[in-house]
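Chains as they are written, first to last, in my numbering: chain A, 47 to 269; chain B, 3 to 613.
Comments concern the structure below.
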Amino acid sequence: MKRFILAILGLGLLGAGGCGLDNYAEPESKLTGQITYNGDPLGVRGTGEAVQLQLYQDGYELRAPIPVYVKQDGSFEALLFDGEYKLVTRDNNGPWVNDRDTTLVTVKGRTEVTLEVTPYFTLSDVTLALEGETVDASFAINQIVEDANIEYAMLLVNKTAFVDDITYNGRVDLGEATAGTVTEMSLDLAAANIQPGQPVFARVGVRPVGADQAIYSQVVRLR
Amino acid sequence: MKRHTSIIGTLALVGFVSVFSACSDFLEQEPDQIITEEQVFEDEVMIKSVLANFYGRVTWGQHINDSYTYTILDEAGKSDGGPDNIQSYNDDLWRVHPYGLIRDINQFLQGLRETTVIGEEDKLSYEGEARFLRAWAYFNMVRGLGGMPIVGDEVFEYNENTDVATLQYPRATEAELYDYIIEECEEIAGYLPTDPSVNAARATKWAAHMLQARAAVYAGSLANYNNKLPNPIRTSGGEVGIPADRAQGYYEQALAAAETVINSGVYRLNMTKPDDLGRNFYEALSVKENNSEVIWARDYKYPGQTVGFTRVNIPGSHAEDIDRAYAGPILNLVEDFEYVNDRDGTIRTRDASGNYVFYDRPEDAFANKDARLWGSIIYPGAVFKGTPVELQAGQKRLNNGNWTTRTGQPGDTDEDGRLLTSLNGPTTSNQQFINKTGFFFRKFMDENGGASTRGRNSDMWFPRFRYAEALMIACEAAFELGQTTAALNYINQIRERAGIQELTSITFDDIVQEYRVEFAFEDHRYWDLKRWRLAHRVWNGVQNSPTAQQFALFPYKVVAPGNPNDGKWVFDKQPFSNSPHPRNFQMRNYYNFIDQSWINNNPKLVRNPYQ
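Given below as structure tokens:
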């Protein structure tokens, strides 16, 4: 009997403790977006929270940005409350010209946004092919910002779909890559410790001098 | 039901008692744990003990009370259990925000200046110490965060009428904060005693000049190398980023301050064992008695103030308690020590055609190295506390003309009773207490009995400033100012003490290298690579990069009966198994992030770059 009363008391406490006026409904509006240049999506490093955007909302006492993590295909998403937000790239972060101008985003239900940036370079005509146990890459680096220089170009492979300058199984760097010409690189899978039959994902990238991130092609599954 | 009534009754009684008993004043006692301002400042012993409290609160960054801090750079690897999957550096790594301490120091200064129990000269000496510690706190902050608010001697008070905005100071520029530290040191140098303190535990005039020199050379190199980056790191208000034209002035200040210490004659390079330069270098850092080199240190003393570095890192064969082999230095550092007559310090494990190089004894692989290697690192076969430290990863056996590896559990022997793997390691397993790099620390390892027991721990000190640094700062500043002869003179004093060849010409890379090996494990490496803007190149995140990946050296005993090499030793270089990822220092790591809560409290704080 005593145990029963105590149990009732405990349950009652649990029941009573849960009511409160301080609870909000969770945010439900989804902001999805894409980082583009001239409408073309840009590939970036998607691991390690390396490339981030920031969302600010005015009208509140404290101003802390909401970090938005960019995926390797240049897309991003965030669950938000409806309202007016300012979207901005993180200071000096990303393979593009640092621009702290904000993009005004009105979130109402499902909202889509494109964020135009000016990358130092773009990659085009990317072909990645598997030739036996060798990955061959051919691509063109296009100069977008006049005085930008290339630190190196790289060909990256991995066994999973996440491929970038930190997350890779095999990597080949090319120091003397030049913009405007077709660049060709190849990579031996055995040296990258990928056995025959194992999956192969690949992409190419170019690291501009002075930028904290490289710009990448989209990830392609070769096997 | 009757029982329940009695329970309810008891509860009601307890309720009544607790509600009404508060009227009694027996709880209102004078606190005996809080000492008032007047009580402190009418007693010199109390003043000293407040100061002692400050000394105990100024250890930041890499230090011997936190062995993990040695494993995240390129000096040592963590051997304690499973792998450390560190991939990047935190935005608040070694971030210091010491405004609580600064307020306490300012409060102390206020009381000290009014007290009448001590004479004017002693008063100034205490004031000098307090302001030295305050400058040191600012210095530890500025090298992580860049310019931060300078509050001077102000002690902030808050009551309900205070306008909060008057308490919110904006950030000073990076240059202003370095200038403040340099000026403070210049001023208090005259207040502080000129005689060395016991175990270098308290600030002296020379410690102030050392801090002045270090702050100036940091500021000079920031002004110089930051602006040589393709995309210099700076904020529009100068909170981060020092103008390039300030570099020369800072280098001149650094050279002058360092030369003040060098020319004082109070300190010199330790030379207690001229016949054994390795031992001599060990004693320069790790032995307090008759030490002529250390200028300021965090001292430890049994009982009460002890440090566990020796206990957790000691080789298993020499351990006195269950703790051992927490971390071990890595091959990257070992190879950065030169040979006596060869500037390339690579350990020769293979000959030109790729065959093993055979050594009669494991320690022969390290013969003719810079004496500082012996004094900093225990390599396989090196003597520690009178006996050699055995490190054997396994056996190499000749099998149809190929060398094959045979290993066992630590301490295992083969069927003929020959040792397979040493009790010390190294291994690539997940086991705790087994070395995994092939090396142990020697610098800061206490040789005294009982120093590696949990009950006692060690008295080892942690030097913050020493004479060799005065020489290196003078060398660097002179080099940057184009005074090559002076720079060579200073660096060669250090190299001579290490027993390696003198330089006849000097490059920037020589200076980087000399700092690296001279000051290993002394909380220099991270800050040096940062101020030279080299960190993102050295720790570039590339797998198997010789500088970013950690490497181990595994010694094997040759078992090949009948072969002339039977019983000799060979070595394998391999990536360190317990830290699989290369070090990756990103541009955003050059400055710590400003914490959001600080901005919430003080909206005048601007964010750092990349934040």
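Idealized CB from N, CA, C, for every residue including glycine.
Nothing here was measured: the structure is a model prediction, and the numbers come from that model.
- Look at Ser90/B: its C-beta is under 8 Å from a C-beta on chain A.
- Residue Pro141/A holds the alpha-carbon nearest to the alpha-carbon of Gln259/A among Val246/A, Val153/A, Asn195/A and Pro141/A.
- Bridge partners of Phe553/B according to DSSP: Pro577/B.
- One alpha carbon belongs to Thr135/A, the other to Gly149/B, and they sit about 24 Å apart.
- Beta-bridge partners of Met200/A (DSSP): Asp219/A and Gly251/A.
- The residue from Pro577/B, Ala246/B and Asn565/B with its alpha-carbon nearest to that of Gly403/B is Asn565/B.
- Met589/B counts as buried, since at least 16 other C-beta atoms from the protein chains shown sit within 10 angstroms of its C-beta.
- Within its own chain, no residue has a Cβ closer than 6 Å to the Cβ of Asn84/A once the five positions on either side in sequence are excluded.
- Residue environment analysis places Leu125/A among the exposed positions, since fewer than 16 neighbouring C-beta atoms fall within 10 angstroms of its C-beta.
- Distance from the Cα of Asn201/B is smallest, within the candidate group Ala286/B, Glu322/B and Thr38/B, for Ala286/B.
- A Cβ of chain A is located within less than 8 Å of the beta carbon of Leu231/B.
- DSSP, reduced to helix, strand and coil, places Lys371/B within a strand of the structure shown.
- Between Arg146/A and Pro85/B, the alpha-carbon positions lie close to 40 Å from each other.
- Not a single C-beta of chain A is nearer than 8 Å to the C-beta of Asn226/B.
- Beta bridge pairing from DSSP links Ile475/B with no other residue.
- For the pair Val265/A and Leu176/A, the CB atoms are not nearer than the 8 Å cut-off.
- In terms of Cα proximity to Thr206/A, the closest of Gly155/A, Glu230/A and Leu268/A is Leu268/A.
- The continuous beta strand (DSSP E) containing Arg399/B extends over residues Gly396 to Asn401.
- Rounded to the nearest angstrom, the Cβ distance from Trp376/B to Ala384/B is 6 Å, consistent with a contact under 8 Å.
- Only residues of its own chain outside the window of five on either side were considered, and among them Thr78 and Gly79 have a CB closer than 7 Å to the CB of Glu158/A, listed in chain order.
- Chain order gives the chain A residues near Pro611/B as Asp137 and Asn138, where near means a beta carbon separation below 8 Å.
- Using a Cβ-Cβ cut-off of 8 Å, Leu108/A counts as an interface residue toward chain B, since at least one Cβ of chain B sits closer than that to its own.
- Interface annotation for the segment 534-546 of chain B against chain A: Gly543, Val544 and Gln545, criterion Cβ-Cβ distance under 8 Å.
- The beta carbon of Gln576/B sits no closer than 8 Å to any beta carbon of chain A.
- In terms of beta-carbon proximity, Gly256/A lines the interface with chain B, with at least one pair separated by less than 8 Å.
- Here the alpha carbon of Arg444/B sits roughly 21 Å from the alpha carbon of Trp298/B.
- In the pairwise beta carbon analysis, the segment 575-595 of chain B is classified as touching the segment 538-555 of chain B: at least three pairs are separated by under 8 Å.
- Taking 8 Å as the cut-off, the Cβ atoms of Phe283/B and Ala373/B count as close.
- In the DSSP assignment, Trp529/B falls within the unbroken alpha helix (DSSP H) covering Arg527 to Arg533.
- For Asn586/B, at least one C-beta of chain A is nearer than 8 Å to its own C-beta.
- Excluding the 5 residues flanking it on each side, Tyr193/B has same chain C-beta neighbours closer than 7 Å at Leu126, Ser127, Glu129 and Gly130, in chain order.
- By the rule that beta-carbons nearer than 8 Å mark a contact, Arg173/B does not touch chain A.
- When DSSP states are grouped into helix, strand and coil, Val90/A belongs to the coil group.
- The C-beta of Thr173/A has fewer than 16 other C-beta atoms within 10 Å across all chains shown, which makes the residue exposed.
- Not a single C-beta of chain B is nearer than 8 Å to the C-beta of Gly92/A.
- Distances from the CA of Ile379/B to each of Arg420/B, Glu77/B and Glu30/B were compared; the closest alpha carbon is that of Glu77/B.
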